[in-house]
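Trainee: Supplied in structure tokens, the structure appears directly below.
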Amino acid sequence: MIGRLLGIARRPRKLAAMETIDRVAVTCASGVAGDHKGRVIPGRQPTRQVTVLALA
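Its first residue numbered 10, the sequence shown is counted upward by one per residue in my numbering.
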């Protein structure tokens, strides 16, 4: 199966408007760089990295 990336979006702060971006670093440890859900709290494991939505 060949996929196609339709967009990348992140929310820099809780309740902030979603922003679309052209490029971003993504890691297993903290997810999408600059996204508030990916911030690492000292002494805790991150609970969310990346959400992938698929159209069938």
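All residues carry an ideal CB built from backbone N, CA and C; glycine is no exception.
(1) For A18, which beta-bridge partners are listed by DSSP?
(2) Can the beta-carbon of S39 be found closer than 8 Å to that of G47?
(3) Look up G47 in the DSSP assignment and say whether it is helix, strand or coil.
(4) Which of the three DSSP states, helix, strand or coil, is assigned to V61?
(5) Nearest to M27 by alpha carbon, out of V41, A34, L14?
Mentor: Taking the definition as stated:
(1) For the purposes of this step, residue 18 is taken as the residue at position 9 of the sequence shown. Partner(s): T29.
(2) For the purposes of this step, residue 39 is identified with residue 30 of the sequence shown, where counting begins at 1. For the purposes of this step, residue 47 is identified with residue 38 of the sequence shown, where counting begins at 1. Yes.
(3) Stepping through the sequence shown from its first residue, residue 47 is reached at position 38. Helix at G47.
(4) The sequence position of residue 61 within the sequence shown is 52, counting from 1. V61 falls in the coil class under three-state DSSP.
(5) Against the sequence shown, residue 27 aligns to sequence position 18. Measuring from the Cα of M27, the nearest candidate turns out to be V41.
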